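Trainee: In our numbering, the protein residues as written are -15 to 335.
Backbone N, C-alpha and C fix where the C-beta goes; we use that ideal spot for every residue, glycine too.
Since the model is a prediction, treat every value here as computed from it, not as a measurement.
Let me give you the structure first, and then I'll get to my questions.
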Amino acid sequence: MITEELSAPPSSGSKCVLFFWASWHEATAPGGSASKLYETLATITPDISFYRVEAEAQPDLSTKYNVTVVPSFVLIYTDGRVVQTIEGADDVARLTSAVSQLRNMGTTISVISSNDGNHDGNHDQSSSGEMTKEEKLNQRLERLIHKSQVMLFMKGSPHHPRCGFSRQAIELLTHAKISFCTFDILTDEDVRQGLKTYSDWPTYPQLYVDGELLGGLDIMNEMAEEGDLAEQMGVSKIQSSSSSSSDIQSKVESLDEKLTKLVKRSKVMLFMKGLPSQPRCGFSRKICEILQEQKIDFDAFDILGDEEVRQGLKAFSDWPTYPQLYVDGDLIGGLDIVMEMVEGDELKDLI
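Here is the structure:
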């Protein structure tokens, strides 16, 4: 059940979902992808009350529910306790599952915090030999920090830094002619929060060398003041007679070149979670079924196997979710668009 904008905590007695949004955030604003997801969940779950909350216009509610990013979905039980908070809208399957769990909850509940990825002891699966969510996240963080000899976790990308500290860090590395890779922590809340705990370093940017935390911008500035930054870090400079910021720029641009080649790898190219033979989410499974039913030949790329492509393609296509379908290198859209085209008998004509 969709209700009006919320300006005070919801009254107890019913289960509810609070959708925190911002007018400046296109995906969460009315008509945006996250807003449409919220509306869909409300429609298919009529026995739960759904409220929109404009985060910046309602600072007391944002503080009460510890909301620091949009979108955020806060799931609340009948007695007013927060059962789960999910930041971001990329993992639709996880969000849908969380709403379903809230719907099915009886009088006994367990409180889950999505910020630290830990469940209470009753939900710890380590005894059965499976990895806990925290262990899986730490394993992923370990892979990320070793992705390159010099790895910078920042807000934004080298082309478009989203804060002054990240911009300065890029300028320092570029000026020192150091080869590096980056990860935009604004695109993945699990990494953003998890890395703070993993590294015991509360702010960004964070710079890693050979998998070891070097520090933030203040440390980088101190090292640069003491001498050659590359020498201080123990890494080699980019070797070229005309080595300059353009050398590093071309390295950054190589991702765009990689993505351009990937979207054109086949006439019909699907970027999904898993593979057609083993889809890893319901939306990816559904779009594969549709393409197969329509007897459309397609190639697929598992974005779960390449974090660089997974994050980079979102910016490349300006499309925040998966799956993504391309025809002749042009983005068609996600599952909702494909379903609409099938209903209108347009998909085969396009292909």
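Excluding sequence positions up to five away, which residues of its chain have a Cβ less than 7 Å from the Cβ of Thr29?
Mentor: As a working mapping, residue 29 is identified with position 45 in the sequence shown. Once the five neighbours on either side are set aside, the close Cβ partners of Thr29 are Val83, Arg87.
Trainee: Indicate whether Phe282 and Pro307 have their beta-carbon atoms separated by less than 8 Å.
Mentor: Taking the sequence shown and counting its residues from 1, the one referred to as residue 282 is at position 298. Taking the sequence shown and counting its residues from 1, the one referred to as residue 307 is at position 323. The answer is no: Cβ separation not under 8 Å.
Trainee: Report the three-state DSSP secondary structure of Pro304 (helix, strand or coil).
Mentor: Numbered from 1 along the sequence shown, position 320 holds the residue referred to as residue 304. Residue state, collapsed to three classes: coil.
Trainee: Give the secondary structure of Ala284 by DSSP, where H, G and I count as helix, E and B as strand, and everything else as coil.
Mentor: Mapped onto the sequence shown, residue 284 falls at position 300. Residue state, collapsed to three classes: strand.
Trainee: For Ser238, which of Phe164, Glu273, Leu170, Glu330 has the nearest alpha-carbon?
Mentor: Taking the sequence shown and counting its residues from 1, one reaches residue 238 at position 254. Residue Phe164 is the option with its Cα nearest to Ser238.
Trainee: Check the C-beta distance from Pro189 over to Leu201 and give it rounded, since I have them as a contact under 8 Å.
Mentor: Taking the sequence shown and counting its residues from 1, one reaches residue 189 at position 205. Taking the sequence shown and counting its residues from 1, one reaches residue 201 at position 217. Confirmed, about 6 Å.
Trainee: Within its chain, find whatever has a CB closer than 8 Å to the CB of Gly(-3); leave out the 5 residues flanking it on each side and keep chain order.
Mentor: The residue labelled residue -3 in the question sits at position 13 within the sequence shown. Thr62, listed in sequence order.
Trainee: Using a Cβ-Cβ cutoff of less than 8 Å, which residues in the same chain neighbour Asp212 once the five nearest sequence positions on both sides are dropped?
Mentor: Working through the sequence shown from its first residue, we reach residue 212 at position 228. Cβ within range, chain order: Ala160.
Trainee: Can you tell me whether DSSP reads Lys270 as helix, strand or coil?
Mentor: To locate residue 270, count along the sequence shown from 1; it is residue 286. Of the three classes helix, strand and coil, the one that applies to Lys270 here is helix, per DSSP.
Trainee: Would you kindly work out how many angstroms separate the C-alpha atoms of Glu155 and Ala77, rounded to a whole number?
Mentor: Position 171 of the sequence shown holds residue 155. Position 93 of the sequence shown holds residue 77. About 38 Å.
Trainee: If you measure between the beta carbons of Ile274 and Val311, is that distance less than 8 Å?
Mentor: Looking up residue 274 in the sequence shown gives position 290. Looking up residue 311 in the sequence shown gives position 327. No, the Cβ-Cβ distance between Ile274 and Val311 is not below 8 Å.
Trainee: Looking at the structure shown, is Gln278 part of a helix, part of a strand, or coil, going by DSSP?
Mentor: Locating residue 278 in the sequence shown gives position 294, where the first residue counts as 1. Coil at Gln278, not helix or strand.
Trainee: Is Arg36 helix, strand or coil by DSSP?
Mentor: As a position in the sequence shown, residue 36 is number 52, starting the count at 1. In the structure shown, Arg36 sits in a strand (DSSP, three-state: E or B).
Trainee: Where do the N-terminal and C-terminal ends of the alpha helix (DSSP H) with Ile28 fall, by residue?
Mentor: Along the sequence shown, one-based indexing puts residue 28 at 44. Note, Ile28: alpha helix (DSSP H), 17 to 28.
Trainee: Can you list, in chain order, the residues of its chain whose CB lies under 8 Å from that of Ala41, leaving out five sequence neighbours each side?
Mentor: As a first step, residue 41 must be located in the sequence shown, where it is residue number 57. Excluding positions up to five away in sequence, the list is empty.
Trainee: Between which two residues does the beta strand (DSSP E) harbouring Met135 extend?
Mentor: Your numbering for residue 135 matches position 151 in the sequence shown. It spans 134 to 138 - the beta strand (DSSP E) in which Met135 sits, taken as one unbroken run.
Trainee: Report, in whole angstroms, the separation of the C-beta atoms of Gly258 and Asp286, which I expect to be a contact under 8 Å.
Mentor: As a first step, residue 258 must be located in the sequence shown, where it is residue number 274. As a first step, residue 286 must be located in the sequence shown, where it is residue number 302. Indeed they touch by this definition, with Cβ atoms about 6 Å apart.
Trainee: List the endpoints of the continuous alpha helix (DSSP H) containing Gln216.
Mentor: In the sequence shown, counting from the first residue as 1, residue 216 sits at position 232. Unbroken alpha helix (DSSP H) run through Gln216: 213 to 217.
Trainee: Which residue's Cα is closest to the Cα of Pro145: Met135, Asp168, Leu157, Leu125?
Mentor: For this step, residue 145 is matched to residue 161 along the sequence shown. For Pro145, the nearest C-alpha among the options comes from Asp168.
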